[in-house]
Amino acid sequence: MSLKGVLMAGGRGTRLRPITYAIPKPLVPIAGIPCMEYPIRSFAQAGIEDIIVTTGYKFEALISGLIKTKHQKQSILYSVEREPAGTAGSVKMVEGFLNDTFVVASGDVLADFDIEEAVRSHRESGKIATIVLTKVEDPTQFGIVEDKNNIVKRFLEKPTAAEVFTNMVNAGIYILEPEIFNHIPEDQTYDFAKELFPKLLREGVEINTYHGKGAWLDTGRPRELILANQLMSEKYGNEINETNFKGKMIIRERPAGSDFTVTGSCYIGEGVKIGKNALIENSTVYDNAVIAENCNVRDSIIFENCSIGKKSTVSKSVIMKGTSIGKDCEVIESALSSNINIQDGSRIYNVSLSSESNNSLD
1 MSLKGVLMAG GRGTRLRPIT YAIPKPLVPI AGIPCMEYPI RSFAQAGIED
51 IIVTTGYKFE ALISGLIKTK HQKQSILYSV EREPAGTAGS VKMVEGFLND
101 TFVVASGDVL ADFDIEEAVR SHRESGKIAT IVLTKVEDPT QFGIVEDKNN
151 IVKRFLEKPT AAEVFTNMVN AGIYILEPEI FNHIPEDQTY DFAKELFPKL
201 LREGVEINTY HGKGAWLDTG RPRELILANQ LMSEKYGNEI NETNFKGKMI
251 IRERPAGSDF TVTGSCYIGE GVKIGKNALI ENSTVYDNAV IAENCNVRDS
301 IIFENCSIGK KSTVSKSVIM KGTSIGKDCE VIESALSSNI NIQDGSRIYN
351 VSLSSESNNS LD
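Residue numbers (UniProt numbering): 1 to 362.
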């Protein structure tokens, strides 16, 4: 039997609004590649050719986006949840397709891991479940896991600072045996981390752990999405030391213009135009964006067909496609949705601008 993979992609990505108003979170690009492509590539490297994607929110856009992407030697099936089923519940719905060892991963988390080694660890353990762990600086946003000799000892979901007993967290990647379905109830919302794994511990079922090797980041907020782009540009970029370019970068096409500076960990798409004395630092600039002269773009993401006017500053912000920022503007720690026109001289700090929501950036 061949190893199969399940990608969970049914979440709404509410913390990433307004970005996820326009695009499902698993399709949000990271250094030019949809977030979901990273676990798909990890699956391919582990020899996983059959993938099932569980989805719900904006499933038409998700399926359409994945169909446009090439998947060599991989076949993808889709399971659409009409109502949220939870992480374990969504996998339970495709139980009939999973008759041997299988891998479950989150499609909306940057996970550029060595899955093959994790599967090897799982099979050597002889357990029905393996949880991939990763180390983070602030574990209060995740489920922390204490293990000993690669066996889970205890869990705690989103602990307070005082409750933290480890900085090892559940990476949302599981290697499972079909017997796991005996522990997941039918026809109800059910979660791996909050319900299934604690239940297994109470019943004395041992759970194997594997300490993940590779890049992992929950891109739940705009600032984390910016960091993810920087990490992947650094990992997969080329070291460049030229007059206009200094740093580790992915450059799809040399931008039009002269006397500008691009520095740090950057991604530059096709058809980009950069004006004289403009600075782009640790940022991602997608296709056909125009950065005018004397602009500063730092630690930001500029999506396709955006324009940034003369002497404007964009810092720690995400600007969605088709948005136009006027001259002498400041956009700091903000997220702007698609096709917004920002007037000359505007000052935008710590907000999320969207025609659909007035929620502040968290």
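Backbone N, C-alpha and C define an ideal beta-carbon position, used for all residues, glycine too.
Since we're looking at a predicted model, the values are computed, not measured.
Supposed close pair residue i, residue j - CB separation, criterion 8 Å
| i | j | result |
| --- | --- | --- |
| N244 | V262 | 6 Å |
| N294 | A278 | 6 Å |
| M8 | G107 | 6 Å |
| S258 | K248 | Rounded, the Cβ-Cβ distance is 22 Å, inconsistent with contact. |
| V152 | T209 | 6 Å |
| V314 | S337 | So it is not a contact: roughly 15 Å between Cβ atoms. |
| A171 | T134 | 4 Å |
Through-space distance from residue j to residue i, alpha-carbon basis
| i | j | result |
| --- | --- | --- |
| S357 | W216 | Here S357 scores only 42 on pLDDT, less than 50, and its place in the model is too uncertain to base an answer on. |
| I180 | K316 | 43 Å |
| V351 | V169 | 30 Å |
| V132 | H183 | 20 Å |
| S38 | K235 | It should be noted that the sequence gives Tyr, not Ser, for residue 38. Straight-line Cα distance between these residues: approximately 13 Å. |
| D362 | R221 | At D362, the pLDDT of 33 sits below 50, so the modelled position is not reliable; the number obtained from the coordinates is stated separately. In a straight line, the C-alpha of D362 is about 7 Å away from that of R221. |
| A256 | G275 | 8 Å |
| G237 | A292 | 25 Å |
| N163 | T189 | Reading the sequence as shown, one finds Glu at residue 163 and not Asn. So the alpha carbons of these two residues sit roughly 27 Å apart. |
| A31 | E203 | 43 Å |
| residue 365 | P139 | Not covered by the structure: residue 365. The range shown for the chain is 1 to 362. |
| V136 | R223 | 16 Å |
| I173 | C266 | 28 Å |
| A85 | I128 | 22 Å |
| P34 | R252 | 16 Å |
| E304 | L156 | 41 Å |
| D191 | F260 | 50 Å |
| E81 | T55 | 6 Å |
| L98 | P185 | 16 Å |
| N296 | I332 | 11 Å |
| L201 | S42 | 29 Å |
| V6 | K311 | 47 Å |
| N241 | S334 | 31 Å |
| E177 | N150 | 17 Å |
| Y3 | M36 | Going by the sequence as given, residue 3 is Leu instead of Tyr. Between L3 and M36, the C-alpha separation is close to 19 Å. |
| I268 | R298 | 13 Å |
| S90 | I280 | 42 Å |
| E206 | G309 | 59 Å |
| P29 | I40 | 14 Å |
| E270 | L27 | 19 Å |
Cβ neighbours of residue i in the same chain (closer than 6 Å, five flanking residues each side left out)
| i | result |
| --- | --- |
| V290 | K273 and S307 |
| T166 | I144 and E146 |
| I302 | V285, A289 and I319 |
| T219 | L110, L225 and A228 |
| residue 394 | Since the displayed the chain opens at 1 and closes at 362, residue 394 lies outside it and no answer follows. |
| M230 | A small correction: the amino acid at residue 230 is Gln; Met does not occupy that position in the sequence shown. Answer for Q230: S265 and N282, listed in chain order. |
| F142 | V169 |
| N341 | S324 |
| E239 | K248 |
| R154 | E146 |
| T130 | H122, I175, N208 and Y210 |
| K148 | none |
Contacts around residue i, its chain only, beta-carbon distance under 7 Å, and the 5 residues preceding and following it disregarded
| i | result |
| --- | --- |
| N339 | G322 and T323 |
Proximal residues to residue i (C-beta, below 8 Å), its chain only, five neighbours per side dropped
| i | result |
| --- | --- |
| K213 | F113, D114 and E117 |
| E124 | none |
Minimum length 3: unbroken beta strand (DSSP E) runs contained in the region 207-232:
208-211 and 214-217
Quick check for students: name the residue ranges of the beta strand (DSSP E) that lie wholly in the region 125-199, counting only runs of 3 or more.
129-135, 143-148, 151-157 and 168-176
Counting pairs of beta carbons, one from the region 76-83 and one from the region 92-104, are three or more of them closer than 8 Å?
yes
Could you say if the region 41-54 and the region 99-117 meet the contact criterion of at least three C-beta pairs nearer than 8 Å?
yes
Report yes or no: do the region 340-350 and the region 319-332 share at least 3 C-beta pairs separated by less than 8 Å?
yes
Segment contact, 8 Å Cβ cut-off, at least three pairs: the region 195-204 with the region 112-127
no
Unbroken beta strand (DSSP E) runs of length 3 or more, entirely within the region 271-339: which are they?
279-281, 296-298, 313-315 and 330-332
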